[in-house]
Amino acid sequence: MTGTRKDLVWIKRIAFVIALGLLAYFITMTIVIPVYRFKIEAKVTSTNDKNIFRPDLTWQITVSDSIKQRAIDLVFSESFLLSQIEMTKGDSISLTVNLQDSIIALVVQGLTIYSAKVEDFTISHAFAKTDPFVLAQWLATPFVVDTHFASIPKAPVLYKKAPKDTIEALSQVEMDPLNDEIDPVYFRLELDRKLILNFNQNETPEKESMRQVKIYQRRMRKIERNEILGHLSRFSPIEFVPEIHISLDKKAARVIYRAIPEKAFVAVQLPTE
Amino acid sequence: MEYISNIKLWLLNLSGFFKGKEESGSVERTFPGKAVLMPVLVYVSVPVIFYLLWISMFTALPFMQEAVVKFKPSLAYPEFASQTNPGPSELLFLQENRVKKLDKIYARFSNRQPYLIVNTSDNTFNLFNNGKLVREGLCSTGSFVLLDAGGEQKWMFETPKGMMRIQGKTESPVWRKPDWAFIEEGLPVPKHANSYERYEYGVLGDYALSIGNGYLIHGTLYQRLLGMPVTHGCVRLGDEDLEQVFQTLRVGSKVYIF
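Keeping their order, the protein sequence lines are chains F and C.
Numbered continuously in the working numbering, the first sequence closes out at residue 273.
Numbered continuously in the working numbering, the second sequence closes out at residue 531.
Here is the structure:
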């Protein structure tokens with residue numbers, strides 16, 4: 001009986017310490033997160049030299065909702081156009097993600113060379129919480145793809161050893177090109193200026209390819225975990241990176257992932273409503 | 274020092290609180306179920322508190338941010354307070370004009386000249402002239418085969434991506450076989466660059482258009498393979514498609530490959 005009571009006291013103590021730790025964690029996070037978010041906003045405003053209209057709060061409060069909505073639509077259109085015009089300076093393939101019209105396109109110097117319909121998308125709630133005029137400023141400069149990874153290889157390379165003679169060469173002629181059309185297409189583009197685009201095929205993956213989907217998801221979780229652990233080890237606040245999830249036709253997803261070059265430019269237009 | 278001793282005293286009181294509970298454990302003796310109930314309550318209440326705090330934190334966040342924006346906008350958006358604003362109607366007029374102007378600028382980039390788009394994933398092509406699609410169809414592009422002949426002799430059969438220009442046009446082209454063509458067939462490589470063994474007639478179709486670095490748009494004997502990635506990096510077209518492409522594109526015309 002005495003042993004049980006001692007155990008209970010220890011359980012209470014441990015629970016108390018855990019609760020105290022959690023409380024401390026939440027208090028810290030509550031203080032750290034807003035401060036960090038504002039730092040990102042400040043960075044956006046300081047690096048942007050585009051002269052997009054940005055009204056003060058008085059204006060936003062005093063004008064009617066319809067005028068404010070029209071102003072937001074125009075500002076977002078302007079921001080997207082500025083970003084696209086900026087991308088024409090290079091001659092490599094760029095990506096435009098127009099969530100207003102649900103169109104994703106590959107563009108070279110202002111010419112659309114491939115476009116596909118966005119079947120479905122979800123955007124981070126952070127965008128809704130951000131001032132739309134500040135957001136338009138942020139989107140007025142194209143993003144650059146920092147890192148990417150996918151459930152399919154970027155280049156479907158097929159290794160072939162040079163034949164020793166013509167007989168061996170003849171046996172190799174029948175070698176089929178690599179056909180990875182059944183592979184599920186999921187990919188993630190991590191952009192500079194803290195934005196992540198997650199693409200996935202609209203079709204449900206076939207049973208045989210579920211393993212690849214799981215491998216991809218595990219890999220994605222591992223990257224996120226390492227990122228968080230990195231911040232914890234450095235005692236730096238965990239940075240909030242908004243994400244956009246886009247569903248595409250499988251074929252379109254494969255074409256887009258394979259077409260975009262390293263460090264490709266990306267212009268994004270968010271829906272205004 | 275006094276401060277530290279106060280903390281020590283507080284900690285001592287706290288441990289006394291636990292000890293006191295332990296010593297005056299008459300309730301535990303009369304109600305043994307509590308020994309089981311208490312830890313369960315603790316383990317249930319902690320995640321509930323955790324969850325509630327989590328929810329309240331994210332609910333409170335926008336309000337906290339709003340408060341900062343309201344009372345100290347310069348902290349959130351440094352340029353906020355300094356900007357003068359036009360009236361609503363004036364603004365919309367100005368803004369609409371700006372967007373129209375930018376639209377016009379961007380429209381200038383649309384290509385009225387003839388150009389070709391090659392999709393290496395689907396192995397298809399689109400030919401445009403005066404901004405209109407004039408022909409589309411199947412083609413064959415790089416197989417992505419990595420041919421390894423040992424040592425540093427490696428070739429990757431990939432069609433280059435990006436924007437190219439037509440650099441030259443040839444009728445009845447002749448193929449001068451490079452080293453990899455012999456290695457791939459298991460044949461000895463001729464020593465001389467202009468050895469007669471290197472020249473093959475009629476394999477590239479009736480026309481060839483050079484897009485630089487030795488890559489060509491040409492015809493093929495293997496029409497059944499059109500739509501598949503089987504080439505060594507060149508773009509192969511069907512006979513009729515090739516003829517129209519050859520007639521439409523000029524030297525300097527753009528070819529977009531992705």
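Heads up, the beta-carbon is just placed ideally off N, CA and C, and yes, glycines get one too.
As an exercise, report each continuous alpha helix (DSSP H) stretch of at least 4 residues that is fully enclosed by the stretch 101-137 of chain F, in chain order. 125-129
In terms of residues, what are the limits of the alpha helix (DSSP H) holding L87/F? As a working note, residue 87/F is residue 87 in the first sequence. Note on residue identity: the sequence assigns Met, not Leu, to residue 87/F. Where M87/F is concerned, the enclosing alpha helix (DSSP H) stretches over D65 to M87.
How would you call K263/F, buried or exposed, if buried means at least 16 neighbouring beta carbons within 10 angstroms? Taking the first sequence and counting its residues from 1, one reaches residue 263/F at position 263. By the neighbour-count rule (16 or more Cβ atoms within 10 Å), K263/F is not buried but exposed.
At 8 Å on the CB atoms, spell out the chain C contacts of D91/F, in chain order. Mapped onto the first sequence, residue 91/F falls at position 91. By Cβ distance, chain C contributes G435 and M436.
Same chain only: Cβ atoms within 7 Å of P242/F, ignoring 5 sequence neighbours per side: For this step, residue 242/F is matched to residue 242 along the first sequence. Correct list, in chain order: S124, A126, F127 and L195.
For K405/C, count the other beta carbons within 10 Å of its own beta carbon; 16 or more makes it buried, fewer makes it exposed. Which is it? Walking along the second sequence from the start, residue 405/C turns up at place 132. By the neighbour-count rule (16 or more Cβ atoms within 10 Å), K405/C is not buried but exposed.
Using a Cβ-Cβ distance cut-off of 7 Å, determine whether S77/F contacts chain C. The sequence position of residue 77/F within the first sequence is 77, counting from 1. Interface residue, yes.
Where S102/F and V118/F are concerned, what is the direct C-alpha to C-alpha distance, given to the nearest angstrom? Translated into the one-based positions of the first sequence, residue 102/F becomes position 102. Translated into the one-based positions of the first sequence, residue 118/F becomes position 118. Near 5 Å, if we compare the C-alpha coordinates of V118/F and S102/F.
Check each candidate in W453/C, N399/C and L389/C and name the one with the smallest Cα separation from E250/C. The structure shown does not extend to residue 250/C, since chain C is modelled only from 274 through 531, so no value can be given for it.
Among L460/C, V518/C and T393/C, which one has its Cα closest to the Cα of E312/F? Here chain F comprises residues numbered 1 to 273, so residue 312/F is not present and cannot be evaluated.
Which residues does DSSP pair with N226/F in a beta bridge? What you label residue 226/F is simply residue 226 of the first sequence in a count that begins at 1. BP columns for N226/F are empty, so no partner.
Check whether the stretch 377-395 of chain C touches the stretch 70-88 of chain F, counting contact only when three or more Cβ pairs, one atom from each stretch, lie closer than 8 Å. yes
Quick check on DSSP: helix, strand or coil for R211/F? The count along the first sequence starts at 1 and reaches residue 211/F at position 211. Residue state, collapsed to three classes: helix.
Would you kindly report the start and end of the unbroken beta strand (DSSP E) that includes V447/C? Taking the first residue of the second sequence as 1, we reach residue 447/C at position 174. Where V447/C is concerned, the enclosing beta strand (DSSP E) stretches over V447 to R449.
Quick check: S94/F and V107/F, are their CB atoms within less than 7 Å of each other? Numbered from its first residue, the first sequence carries residue 94/F at position 94. Numbered from its first residue, the first sequence carries residue 107/F at position 107. Yes, these two residues count as a Cβ contact at 7 Å.
Helix, strand or coil for I439/C per DSSP? As a first step, residue 439/C is located in the second sequence; it is residue number 166 there, counting from the start. DSSP places I439/C in coil when its eight states are reduced to three.
Between F398/C, Q386/C and G475/C, which lies nearest to G410/C when the distance is taken from Cα to Cα? By 1-based counting over the second sequence, the position of residue 410/C is 137. Per the Cα distances, F398/C.
Quick one: does I439/C have its CB under 7 Å from some CB of chain F? On the second sequence, position 166 is the one that residue 439/C refers to. Taking Cβ atoms only, chain F never reaches closer than 7 Å to I439/C, which makes this a no.
Proximity test, Cβ basis, 7 Å: E470/C and chain F: Counting from 1 along the second sequence, the entry for residue 470/C is found at position 197. Not closer than 7 Å to any Cβ of chain F, the Cβ of E470/C fails to qualify, so no.
Nearest-angstrom Cα separation, counted from A24/F out to A15/F: Counted from its first residue, the first sequence places residue 15/F at position 15. Counted from its first residue, the first sequence places residue 24/F at position 24. If I take the Cα positions, the gap works out to 14 Å.
Under three-state DSSP, which class holds Q426/C? Here the question's residue 426/C lines up with position 153 in the second sequence. Three-state result, Q426/C: coil.
Using a Cβ-Cβ cut-off of less than 8 Å, give me the residues of the stretch 499-522 of chain C that come near chain F, in sequence order. M501, P502 and V503
Beta carbon of E190/F, beta carbon of R371/C: below 7 Å? Here residue 190/F corresponds to residue number 190 of the first sequence, with the count starting at 1. Here residue 371/C corresponds to residue number 98 of the second sequence, with the count starting at 1. In this structure, R371/C does not lie closer than 7 Å to E190/F by Cβ.
Am I right that I260/F and L197/F are in contact with their C-beta atoms under 8 Å? What's the rounded C-beta distance? Taking the first residue of the first sequence as position 1, residue 260/F is located at position 260. Taking the first residue of the first sequence as position 1, residue 197/F is located at position 197. Incorrect: roughly 11 Å between the Cβ atoms, too far for contact.
Is the distance from the Cβ of R438/C to the Cβ of G525/C below 7 Å? The count along the second sequence starts at 1 and reaches residue 438/C at position 165. The count along the second sequence starts at 1 and reaches residue 525/C at position 252. Result yes, Cβ atoms of R438/C and G525/C sit closer than 7 Å.
My output table needs one value for G21/F: the three-state DSSP class, helix, strand or coil. Taking the first residue of the first sequence as position 1, residue 21/F is located at position 21. Three-state DSSP puts G21/F in a helix.
CA nearest to the CA of M436/C, picked from P463/C, F455/C, I484/C and S383/C: Taking the second sequence and counting its residues from 1, one reaches residue 436/C at position 163. For M436/C, the nearest C-alpha among the options comes from I484/C.
What residue from K250/F, P142/F and R13/F has the CA that sits closest to F187/F's CA? Taking the first residue of the first sequence as 1, we reach residue 187/F at position 187. Here the closest residue by C-alpha is K250/F.
Along chain F, in chain order, which residues have C-beta atoms closer than 9 Å to that of I490/C? Locating residue 490/C in the second sequence gives position 217, where the first residue counts as 1. In chain order: nothing, as chain F lies at least about 16 Å away.
So for Y472/C, helix, strand or coil by DSSP? Numbered from 1 along the second sequence, position 199 holds the residue referred to as residue 472/C. Here Y472/C sits in strand by DSSP.
Identify which residue in Y216/F, L135/F and L170/F has its Cα closest to the Cα of R193/F. Taking the first sequence and counting its residues from 1, the one referred to as residue 193/F is at position 193. Closest by alpha carbon: L135/F.
F53/F versus chain C: which residues are under 7 Å apart at the beta carbon? Counting from one through the first sequence, the residue named residue 53/F turns up at place 53. Within 7 Å Cβ-Cβ: L364 and Q368.
Boundaries of the alpha helix (DSSP H) in which A140/F is found, first to last residue: Here residue 140/F refers to the residue found at position 140 of the first sequence. Where A140/F is concerned, there is no enclosing alpha helix (DSSP H), given that its DSSP letter is neither H nor E.
Return the bridge partner residues of E190/F from the DSSP annotation. Counting from 1 along the first sequence, the entry for residue 190/F is found at position 190. T147/F and I196/F, per the DSSP bridge assignment.
Close Cβ partners of L482/C (< 6 Å) along its chain, the five nearest in sequence each way excluded: Your numbering for residue 482/C matches position 209 in the second sequence. I439, K442 and I490.
Can you pull the chain F neighbours of E457/C, defined as C-beta to C-beta under 9 Å? Numbered from 1 along the second sequence, position 184 holds the residue referred to as residue 457/C. Correct list: K160, A162, P163, A169 and Q172.
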